[in-house]
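Novice: Every letter in the sequence shown is one number past the one before it in UniProt numbering, and letter 188, counting from 1, is 188. Cβ atoms here follow ideal geometry from the backbone N, Cα and C, with glycine treated the same way. What you are looking at is a predicted structure, and each value in this text was computed from that prediction instead of being measured.
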Amino acid sequence: MMSGTLNTITYESTGSRDPIWTRVSGDPKQLNASNQQGNVKETVRLDNDGQIASSRKTKGLNVTSTAIFIAGEMAGSGVLALPRAIVDCGWIGLVLVVVFCINAGYGGTRLGACWAILEERYPEHRVPVRNPYATIAYKAYGKRARMLVSGCIQFTLFGAGTVYLLLASQILQELLEDLLPNIGFCIWFFVISVLLCFPMWFGSPKDFWAVGVGALLTIAFACVLMFTQIVMDGLNKETVVKHQTHGFSDFFLSFGTILFSFGGASTFPTIQNDMVEKNKFSYSVAIGFSVILALYLPVSAGGYFVYGEDVDPNIVLSLSRTTLVLLANMMMGIHLVLAFLIVINPVCQELEEIFQVPHYFHWKRCLVRTLMVCVMIFVGETIPKFGKILSLVGGSTVTLLTFVFPPLFYMRLCDQKNVEWMERVWDVVYFLVVVRLTSNVLLMEECRKEGLCLPQIDLPKISIDRIPSGWGKVRVIQPPHTKWLVLRTQFRLGLASRDTSIRSPLGNLGVSDLQWCVQSHMQGPTCPNKGQ
């Protein structure tokens, strides 16, 4: 609920490491917030609590759609490359998949907490920001950290986008090999890159939410189809599955591939920035990573136990040629195209911030993103082996962005002090919680022994029909010559605090046989005794 009136101040940042805010007069219903470079301004409306009061708050991603974006963006090339990586690691690779999934999910929640801290401390960051990850680094460690994070994001997502295009081209070539045998892989890569140039002109994830839904649905169907075919191949397999010991080089290359499979944290702040309730980003991360793990493990374990050393770097190429595989290829190709649009978006927004491109649709945006595609075409045609790019990116920048920087920045931000910032005294909070729980337990015990009399409940009109059916049977007693109602019922734990016409001010009650003295009018005599 927003407050009644709006603030009448305008803040402008000086762009220093710890900004000094100057209070000046401005529009009584607007607040101009500048980013740390001081070259892009956004106008929003703030209420008295410092919350955004504009209509922008009502347009954005919710918890479910954010989780869909996270799962749809991450579960792509990883599911294709993980089986080969696990074979090179050995059975311990399956354990590493689970461990890295948990670690990456925790890192994602820390990034969400970092942005919540920034919004609480710095009002200018409550507007859309194109480079939120770099902004977190700037507030934590300064300009050099921001430059390092920006470079890592550019390298990671650029490499991931190139890998997605290479895999999509490989799948498309295989699907159309019988119809167009003379068109090679490099030509398909060029064609797909050019066709995807136009959808790249969309602004941010909230402008193409359907892409996230499509990416998740297609990868889910593809994984189900691939796992089904893996099981069928395993049942029909007549030879013994071979496993051999691999050296350190194979292990560390596959290690980088596994890391890359969970390396979507660099896009998390951008996705969170489009949420309506950004403080619930951790829930989206938990849901998204649970879905990712459910997609990764069956296909990875199946590839390891069914094919062994014969598994291809792209698991699809190891499957028997059936209708299921054909459909899986189609789903995977569509997914890679859609996931590419999500992955490459933060890179484009970062470049647009550098070149001061307007936030709305502009020809400069089209130019910057088209040039990005041209560079990706050059890299993809030069290094067509996606596995090499994947291992290089996974073992370097993905490790920093997903597993190192998030907890590091979070600890740094938590350690910072400022007299103007709200400080939570957790010792007092814990003490009050313990005292409250203790008093509730003692009060419930008294209720069990002596019954319950509540003479101060203000209920002028009591409607028995609105009592939830879960409360069981209710017996109404009207004592003579009184204005009181006595309700005798069986309560279930937790139902006493429901928002109904009869509410307990004591919270959740677990009394099996409870007598309630409820005042039926604003005025009335004292509560009758239990035996009355």
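Leaving out five residues on either side along the sequence, give the residues of the same chain with a beta carbon under 7 angstroms from the beta carbon of Ser-284.
Specialist: Val-63, Thr-66, Ala-67 and Ile-70, listed in sequence order.
Novice: With distance defined between alpha-carbon atoms, name the residue in Ile-334, Leu-148, Ile-342 and Leu-371 nearest to Glu-352.
Specialist: Here the closest residue by C-alpha is Leu-371.
Novice: Would you mind working out which of Thr-438, Gly-333 and Val-343 sits nearest Glu-174, comparing C-alpha positions?
Specialist: Out of Thr-438, Gly-333 and Val-343, Gly-333 has the C-alpha closest to the C-alpha of Glu-174.
Novice: Just how far apart, CA to CA, sit Phe-221 and Gly-288?
Specialist: If I take the Cα positions, the gap works out to 16 angstroms.
Novice: How far does the alpha helix (DSSP H) with Pro-298 in it extend, from its first residue to its last?
Specialist: Residues 281–306.
Novice: Counting only runs of 4+ residues fully inside the segment 215–276, write out the alpha helix (DSSP H) ranges in chain order.
Specialist: Listed in chain order, they are 248–261 and 268–272.
Novice: State the start and end residues of the unbroken alpha helix (DSSP H) segment that holds Val-149.
Specialist: Looking at the DSSP string, the run of the alpha helix (DSSP H) that includes Val-149 is 143–175.
Novice: Go through its chain and collect everything with a Cβ distance to Trp-188's Cβ below 6 angstroms, but skip five positions before and after it.
Specialist: The answer, listed in chain order, is Ser-169, Leu-172 and Gln-173.
Novice: Starting from Leu-61, follow its DSSP beta bridges and name the residues at the other end.
Specialist: Partner(s): Met-275.
Novice: Going by beta-carbon coordinates alone, are Gly-308 and His-243 separated by less than 7 angstroms?
Specialist: Taking 7 angstroms as the Cβ cut-off, Gly-308 and His-243 qualify as a contacting pair.
Novice: Going by DSSP, what residue range makes up the alpha helix (DSSP H) through Asn-103?
Specialist: Run containing Asn-103: 92–121, per the alpha helix (DSSP H) assignment.
Novice: List the endpoints of the continuous alpha helix (DSSP H) containing Leu-367.
Specialist: From DSSP, the alpha helix (DSSP H) with Leu-367 extends over 363–382.
Novice: What separation, rounded to the nearest whole angstrom, lies between the Cα atoms of Asn-279 and Tyr-164?
Specialist: Each residue's Cα considered, the two are about 31 angstroms apart.
Novice: Are Val-87 and Tyr-304 touching if we call contact CB-CB under 7 angstroms?
Specialist: Contact: yes.
Novice: By alpha-carbon positions, which one of Asn-314, Val-434, Gly-60 and Cys-152 ends up nearest to Thr-257?
Specialist: That would be Asn-314, whose Cα lies nearest to the Cα of Thr-257.
Novice: For Leu-196, which of Ala-265, Gln-356 and Cys-366 has the nearest alpha-carbon?
Specialist: Of Ala-265, Gln-356 and Cys-366, the residue nearest in Cα terms is Cys-366.
Novice: Between Arg-126, Leu-82, Thr-438 and Ser-266, which lies nearest to Ala-104 when the distance is taken from Cα to Cα?
Specialist: Ala-104 has its Cα closest to that of Ser-266, out of Arg-126, Leu-82, Thr-438 and Ser-266.
Novice: Where does Val-337 sit, in a helix, a strand or coil, going by DSSP?
Specialist: Of the three classes helix, strand and coil, the one that applies to Val-337 here is helix, per DSSP.
Novice: The alpha helix (DSSP H) with Gly-78 in it runs from where to where?
Specialist: From DSSP, the alpha helix (DSSP H) with Gly-78 extends over 77–89.
Novice: Check His-125 in the structure and name its three-state DSSP category.
Specialist: Residue state, collapsed to three classes: helix.
Novice: Could you please give the first and the last residue of the uninterrupted alpha helix (DSSP H) stretch that includes residue 534?
Specialist: The chain is shown only over 1 to 532; residue 534 falls outside these bounds and no answer can be derived.
Novice: Would you mind sorting His-125 into buried or exposed? The rule is 16 or more other CB atoms within 10 Å of its CB.
Specialist: The residue in question, His-125, is buried, as its Cβ has 16 or more Cβ neighbours within 10 Å.
Novice: Hey, quick one: how far does the alpha helix (DSSP H) through Val-410 stretch, first residue to last?
Specialist: Contrary to the premise, residue 410 reads as Tyr rather than Val in this sequence. Note, Tyr-410: alpha helix (DSSP H), 405–415.
Novice: What does a CB cutoff of less than 6 angstroms around Thr-218 pick up in its chain, not counting 5 residues either side in sequence?
Specialist: The answer, listed in chain order, is Met-331, Ile-334 and His-335.
Novice: Measuring CA to CA, which of Val-299, Leu-293, Val-375 and Val-127 is closest to Val-347?
Specialist: The shortest Cα separation from Val-347 among Val-299, Leu-293, Val-375 and Val-127 belongs to Val-375.
Novice: Excluding five sequence neighbours on each side, which residues of the same chain lie with their C-beta closer than 8 angstroms to the C-beta of Asn-529?
Specialist: Low confidence applies to Asn-529: its pLDDT is 42, below 50, so where it sits in the model is not reliable enough to give any reading.
Novice: Three or more beta-carbon pairs under 8 angstroms between the segment 141–150 and the segment 317–325, yes or no?
Specialist: Cβ pair count under 8 angstroms is below three, so no.
Novice: Is it buried or exposed, residue 561, if we count other Cβ atoms within 10 angstroms and call 16 or more buried?
Specialist: No statement about residue 561 is possible, as the shown extent of the chain runs from 1 to 532 and does not include it.
Novice: Where Leu-327 and Cys-223 are concerned, what is the direct C-alpha to C-alpha distance, given to the nearest angstrom?
Specialist: Their Cα atoms are separated by approximately 11 angstroms.
Novice: Within 10 angstroms of the Cβ of Asn-273, are there 16 or more other Cβ atoms? Answer buried if so, exposed if not.
Specialist: Burial call: buried.
Novice: Rounded to the nearest angstrom, what separates Leu-94 and Gln-349 at their Cα positions?
Specialist: The straight-line gap from Cα to Cα measures roughly 36 angstroms.
Novice: Excluding the five sequence neighbours on either side, which residues of its own chain have a C-beta within less than 6 angstroms of the C-beta of Gly-78, listed in chain order?
Specialist: The residues are Ser-261.
Novice: Met-74: buried (16+ other C-beta within 10 angstroms of its C-beta) or exposed?
Specialist: Buried is the call here.
Novice: Tell me the rounded alpha-carbon separation between Glu-277 and Gly-107.
Specialist: About 19 angstroms.
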